[in-house]
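Working notes, structure below.
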Amino acid sequence: IIMYLLWPLLFLHVSAQRLTLFEFFEVRLVGDLPSSGRVEVYHDGQWGTVCDDGWELAEAQVVCRQLGFPGAISVTTGGQYGEGSGPIWLDDMNCKGSESSLSECSFKGWGVTDCSHKEDAGVVCETGTNITSNRQFSVDNSLGLSHDLGLLFDSGDGCDFRINVRETSEEEELTFCVHKIILMFYPELNITNDSRNLTVNVSQTCHPHVSAFLRYLYTRQIDVSITSAQCLHQLAFIFGVKKLMEDVGRTFTLLLPEDNTFLTQVSMYEYGVRTGDLVLQENVLQYLSWNCEYLISSPVWSTISFHMMDALLQRSDLIVNDEALLLEALERWIQDKGDEISSDQQASLLNHIRFLLIPVDKLYEMQFSSSVLRQNHEKLYLTGLLRGFQFNALPFSKIRNKMDNMSSEYLSRIYTGDEWSVIFNVSTVKYPRYDYNYNRRYGQNNRILTFSTPAHPSALYRKQMVFWQAQVFLSAQECSNYGISCYSFPVARFVANGNQNMYTSTIRYSNRLILSCKNENNVFHVQDFKNSMAVIPNNSSMDLPNPCPDDYSFRFVARPEYI
């Protein structure tokens, strides 16, 4: 089973030197198949069941991901997989669906229940995988003797220290014989000359990765994949291997494009919150911001937490069709969450919507909206509409001094609606054609395109057009044909023709180039233009690897902003 969605927590209890990180409970399925069965939880030295009161798909998703499956297909109730024995540990479980383990969900309390075993809960988990690949990244901090030290670990010759690895349930145990002198390089373990062994309780999900981690302590070399990254990161944290922690943390970013369901990315963000890893949180938020349109349309959208939604809506690098679509998505999310989101939290999120940038025709239609968000916060909602109409009707100089200097409400996100962007695939060659819908003419090789946009989203400028030329050059000769010197390829050029100078005292353009996979709905790079040019970095210098090097698209986005 490929365990890619679970980012399992490691919980080390060291006898002689016992380390405790987090409270955690082990979960298993009891049934004929490994992917379905009665849910049982290990607590206080014994396995017990879960009552089916409140047992829904959100809880099943968490269980299945904790066990390493991609997700849940369905829930079962009424003891369908047979009645368990022993205690009924959990009742009235309440999960959001985005948690990485059942221990993060709320419940009545251990053993507090009014159920019988006739109400034992079960799940049916998916057995496939939605990972686009299980690409590995090599971490190499090796020294001259790494090969020989690796062979020493493999053979165990002369080992004088035992590491016992157990499940939380202590039903199985692995034993590794290692060399004390190696462990003494890691002071956090407090290994002394008198130490003889270390007992470590580790979730069974991470058992396959313990040997590779211990071998790294010898060789300083290891391969990291989406199935091993979090286990290795947690082990490195516990053993005090800071360099490996940093390296695996960077690998998290490289792994972001690997799962197009967004389950892994959401889980990774929550993991970053739990561990206080601000860099990981930012990297995930950036990736989800770039892929916001796809995230909104995915089943994961309704499961993300309030703090994640709050962080996303404050960003200006969100790629979305327009601001109205973002508001609709927020309203749907709040409706799905129900009583889980308080009135104050709803108001806080609504304040992040940039009503000023909603197209004026959509602002007009929104007056007649009967959404839950408007019903709950009518004054705040109507204030947003009023400010939107003011922004569209008055010169910016008139309203600028009424705004907070730090306000981002008038700053454009990356809006990809047809009137603001154009997209084409540089790998194809077509004859010239003309798109009469959006006033666009394609060049001979489909890598030159002219089109027009409004000067600004405000109604004051929507009838005043700016004409653009978008190009992608693949060789020095192509650049030379246009009187341009280019030193790296491909390179993109996005230039306004003619009358744009009349707006330079009022409007500036912070245009963006978006690279995305054609068939996988995956934005993997966003770049600004400097002096109308954008050099596309190669894989070695790109924040994220290009997951589709032979079939990706360029989208040119015009982003006008008031100065």
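FYI, the numbering for the sequence shown is 1 to 563, going by this note's numbering.
Ideal Cβ positions, reconstructed from N, Cα and C, are used throughout, including at glycine.
Computed from a predicted model, the values in this text were never measured in an experiment.
Secondary structure at M184, three-state DSSP: helix, strand or coil? coil
Within its chain, find whatever has a CB closer than 6 Å to the CB of I448; leave out the 5 residues flanking it on each side and keep chain order. Q471.
Tell me which residues share the same chain as E340 and place their Cβ nearer than 6 Å to its Cβ, disregarding the 5 neighbours each side in the sequence. Close CB contacts of E340 within its chain, under the 6 Å cut and outside five residues either way in sequence, are absent.
Assign Q61 to one of two classes, buried (16 or more other C-beta atoms within 10 Å of its C-beta) or exposed (fewer than that). buried
Under the rule that 16 or more other beta-carbon atoms within 10 Å means buried, what is H307, buried or exposed? exposed
On a Cα-Cα basis, can you pick out the residue from S100, G79, E365 that is closest to E119? G79
Report yes or no: is there a C-beta of chain D within less than 7 Å of the C-beta of V472? Among the chains of the structure shown, chain D does not appear; only one protein chain is present.
What is the C-beta distance between V165 and V200, in whole angstroms, given that I count them as a contact (C-beta under 8 Å)? Confirmed, Cβ separation roughly 5 Å.
Skipping 5 residues on each side, what residues in its chain have a beta carbon closer than 6 Å to that of C231? C206, H209
Do T219 and L285 have their beta-carbon atoms positioned less than 7 Å apart in this structure? no
Identify every run of the beta strand (DSSP E) within the region 217–283, keeping only runs that are complete inside it and at least 3 residues long; order them along the chain. 221–224
Opposing strand residues paired with P454 [DSSP bridges]: P454 pairs with M465.
Cut-off 6 Å between Cβ atoms - residues of its own chain near G443, not counting five sequence neighbours on either side: In this prediction, G443 scores a pLDDT of 46, lower than 50, which makes its location untrustworthy; the coordinate-derived value is nonetheless stated afterwards. For G443, where only same-chain residues beyond five positions count, there are no Cβ hits under 6 Å.
Near S138, what residues of its chain come up, given a Cβ to Cβ distance below 6 Å and the 5 sequence neighbours on each side ignored? D223
CA nearest to the CA of W468, picked from V495, E365, Q335, R315: V495
Per-residue burial, N291 [other beta carbons within 10 Å of its own, 16 or more giving buried]: So N291 ends up on the buried side.
Rounded to whole angstroms, what is the Cα-Cα separation between D551 and D317? Distance between the alpha carbons of D551 and D317: 24 Å.
Rounded to the nearest angstrom, what separates L29 and P537 at their Cα positions? 47 Å
Under DSSP, the alpha helix (DSSP H) around I334 begins and ends at which residues? Per DSSP, I334 belongs to the alpha helix (DSSP H) from 323–337.
Limits of the unbroken beta strand (DSSP E) element including F389: It is not in any beta strand (DSSP E) - F389 instead sits in the alpha helix (DSSP H) that spans 378–393.
Can you give me the C-alpha to C-alpha distance between Q314 and T264, rounded to a whole angstrom? 22 Å
Where does I563 fall in DSSP's three states? Secondary structure of I563 (DSSP, three-state): coil.
Separation of S532 from K362, as counted between CA atoms: 31 Å
Residue(s) in a DSSP beta bridge with V63: Answer is none; V63 lacks a bridge partner.
With H, G and I counted as helix, E and B as strand and the rest as coil, what does DSSP make of N511? DSSP, reduced to helix, strand and coil, places N511 outside both helices and strands of the structure shown, so it counts as coil.
Flag this pair as yes or no: are the beta carbons of V320 and L327 separated by less than 7 Å? no
So, do the region 53–70 and the region 94–113 have three or more beta carbon pairs nearer to each other than 8 Å? yes
Rounded Cβ spacing between V513 and F556 (contact assumed at less than 8 Å): Reading off the sequence, residue 513 comes out as Leu, not Val. Going by Cβ atoms, the distance from L513 to F556 rounds to 6 Å, so yes, they are a contact pair.
Closer than 6 Å by C-beta to R508: which residues in its own chain qualify, once you throw out the five before and the five after it? Chain order, please. Excluding sequence neighbours, R508 sits near E561, I563.
So who's on the other strand from S74, going by DSSP bridges? Its beta-bridge partners are V124.
How about C64 and G54: do their beta carbons lie closer than 7 Å? no
Decide if G82 is buried, meaning its Cβ has at least 16 other Cβ atoms within 10 Å, or exposed. By the C-beta density criterion, G82 is exposed, having fewer than 16 other C-beta atoms within 10 angstroms.
Please return the same chain residues whose Cβ sits closer than 7 Å to the Cβ of D277, not counting the five positions on each side in sequence. G249
Considering only the beta carbon of each residue, do L350 and L385 sit closer than 7 Å? no
Round the Cβ separation of L357 and P457 to the nearest angstrom and send it over; I've been treating them as touching at under 8 Å. 6 Å
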